[in-house]
Each structure stands twice: as C-alpha cells, then as structure tokens.
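J.: Right, I'll just put the structure down here and ask away after.
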Amino acid sequence: MRIFDPHIHMTSRTTDDYERMAAAGVRAVVEPAFWLGQPRTSVESFVDYFDSLVGWEPFRAGQFGVRHHATVALNPKEANDPRCRPVLDVLPRYLDKDAVVAVGEIGYDAMTPAEDAALAGQLALAVAHDLPALVHTPHRDKARGVDRTLAVVAESGIAPGRVLVDHLNEVTVDLVRDTGCWLGFSIYPETKMSPPRMVELLRTYGTERMLVNSAADWGRSDPLLTRATGEAMLAAGFDDDDVDRVLWRNPVEFYGQSGKLDLTDLEDSAATFAGNSILRGGA
C-alpha cells in the first residue's frame, strides 16, 4: 500500500512518527501552514516558520524516505489578528519555492469579515501563482462555513478543480460533491472522521476526487490513520486499485497541478550527527 498524506502537520510530530509512517507505506506528505497553538506576535515568526517548512522539514523527512511538500498561507484563525495580516505581503516569496504545492490552509474559523478578506485575497494569490488552494472548513457551524467558502471560491475565478475543500463530514459532503472541487476528509481517533465512517462515505459517493488525510498535529491525532482507512476499505470489499486511488493517485493528481511535486524515491538514511539521532540541515 502506497500512501500520500495530503494534509499533516509534521512540525508537531516526532522523528519516530516519520519512521513509523515510512514503515506503514507513507511515501509523501503535504504539510500545510497552520496556527501554532498560541498567537504569533510578528510577521517575522511566520518567516521563520515558513523557512522551516521549505527547509528543515523536507530534510528531516527525507532521512526516512518520505517526500515532504508544503502549502503556505495566513491561516483563518490568525487572519483576525492585525499583527499577522501583513504576512500576506510576504507570501509571494514563498509561493514561488520549489516545494510549495498550494496556497493553504485558507478558509474560515469564526467567519469574520477579516477572514472573508484573507480568503478572497489568498485565492487571488493562488490564481496569480498558478497554484491549487487548500481550504480549511470551520470546526463550528461547519455547514454554513462550507456554503460561505464555496461562494467566495465561485467569486474568485479560480477553477473549482484546483480547490480542495478539507475537513468534510457526512453533513457537508453533499454541499461540495457537485461543485467540481476536491473533497478532503481528516481521520481522527475521536473527532472529525473515523475509518469506518469514511468507508461508508466512499461506498455512497465513490472514490473520484476524494482525499483522505490524518491532519495530525499536537492534539489527539494519529499519522497512521491513513493506513487504517486503507485497511478498512479492503476489509469492506474495496480492491487494491480503489485504495491506491484514494490514498495515492488522488492527492498526486490534485497537488500535481502545481507542477512542483517531486515523487522520486528517497532512501532511508541511518546516519547520525555527533551522536544525535538525526542529521542536521543548514550551515
């Protein structure tokens, strides 16, 4: 089973996670820029974070045979903080980086006017830089958030097939299914979606434009739930081709629209640095 996790926050994960993921069949990941758990106090903190997403994390992942790509954006939660909004002027520098395959995560948290402006502005950046867009849907009032998201996407002029609407569930899948956008589902141990629920959605809606991710972060999450979903699909009667489409070919097709995916094989490296368990990047 080959796996491409299209949404996982490896900045918050340990090196052991990379090792476990590689052993489970994860060959490639996309790490979207997200809120770090406490307020950033300046644009400079975004710059350091983005530099890590395009520098250190690909280097760290590569030591375990995992290809790492990123998306960058002003995330919805921080769009409401005046200290953070100037990062919109910095984003073009990073959207041109080789490993940046989309604008994201963008979308809604509390559905404020500031979030409206940030979403519309970053969809415009996606169009200008010829990149797909990864859209976060809110955890609260999700159906209304999805409706509002789709309205802004329609107004932006971006092609629906270049938009991935993520964190969907049984309540919101019908809202997106016939729009031409791609549908993303986050598999969690307790919240969001579970492997059995995901299998039922795949039975109902098929595998076309459906992406499964772990969205693993600092909270209670599991980077191996992509693998668990594939195993649940097989147990439910889906075949290997169905699993490969959902866990590999669909994310490759979506992010491949960036023209920047690098899926050449990497070999695991057992090398260490001065007794440390991982090589060090940079000067």
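Per the numbering used here, residue 451 is the first one in the sequence shown, and the count goes up by one each step. Think of the CB as a built atom: it goes at the ideal place given N, C-alpha and C, for glycine as much as any other residue.
Could you give the first and the last residue of the continuous beta strand (DSSP E) run that contains Gly554?
T.: By one-based count along the sequence shown, residue 554 stands at place 104. From DSSP, the beta strand (DSSP E) with Gly554 extends over 550 to 557.
J.: Return the CA-CA distance between Thr587 and Ala682, expressed in angstroms with no decimal places.
T.: Taking the sequence shown and counting its residues from 1, one reaches residue 587 at position 137. Taking the sequence shown and counting its residues from 1, one reaches residue 682 at position 232. Using only the alpha carbons, I get a separation of about 25 Å.
J.: By the 10 Å Cβ neighbour count, where 16 or more other Cβ atoms means buried, how is Trp668 classified, buried or exposed?
T.: The residue given as residue 668 occupies position 218 in the sequence shown. Label assigned to Trp668: exposed.
J.: Taking the straight line between their C-alpha atoms, what separation do you get for Asp690 and Trp698?
T.: Locating residue 690 in the sequence shown gives position 240, counting from the first residue. Locating residue 698 in the sequence shown gives position 248, counting from the first residue. Straight-line Cα distance between these residues: approximately 11 Å.
J.: Which runs of the alpha helix (DSSP H) fall wholly inside the stretch 531 to 610 and span at least 4 residues, in chain order?
T.: Entirely contained in the stretch 531 to 610, the alpha helix (DSSP H) runs reaching 4 residues are, in chain order, 541 to 545, 563 to 578, 592 to 606.
J.: Where does the unbroken beta strand (DSSP E) through Pro646 begin, and where does it stop?
T.: One-based indexing of the sequence shown puts residue 646 at position 196. That residue, Pro646, is in no beta strand (DSSP E); its alpha helix (DSSP H) goes 645 to 655.
J.: Just reading off the alpha helix (DSSP H) that Phe704 is part of, what are its end residues?
T.: If you number the sequence shown from 1, residue 704 lands on position 254. Note, Phe704: alpha helix (DSSP H), 700 to 706.
J.: Return the CA-CA distance between Leu398 and Ala685, expressed in angstroms with no decimal places.
T.: Because the chain spans 451 through 733 in this model, residue 398 falls outside it and cannot be assessed.
J.: Under 8 Å between C-beta atoms, does Ser636 make it to chain C?
T.: Chain labels in this structure do not include chain C; a single protein chain is all it has.
J.: What is the rounded straight-line gap between the Cα of Asn530 and the Cα of Val615?
T.: To locate residue 530, count along the sequence shown from 1; it is residue 80. To locate residue 615, count along the sequence shown from 1; it is residue 165. So the alpha carbons of these two residues sit roughly 21 Å apart.
J.: Taking only the alpha-carbon atoms, compute the straight-line gap between Val497 and Ala549 and give it to the nearest angstrom.
T.: Counting from 1 along the sequence shown, the entry for residue 497 is found at position 47. Counting from 1 along the sequence shown, the entry for residue 549 is found at position 99. Roughly 16 Å separates the two Cα atoms.
J.: Taking the DSSP output, what are the residues bridged to Phe635?
T.: As a working mapping, residue 635 is identified with position 185 in the sequence shown. Note: Phe635 sits in a beta bridge opposite Val662.
J.: Quick one: Cα of Phe723 to Cα of Val662, how far?
T.: In the sequence shown, residue 723 corresponds to position 273, counting from 1. In the sequence shown, residue 662 corresponds to position 212, counting from 1. The predicted position of Phe723 is uncertain, since its pLDDT is 46 and thus under 50; no value can be drawn from it.
J.: Would you mind working out which of Glu640, Arg612, Gly687 sits nearest Gln707, comparing C-alpha positions?
T.: Taking the sequence shown and counting its residues from 1, one reaches residue 707 at position 257. The option with the nearest alpha carbon to Gln707 is Arg612.
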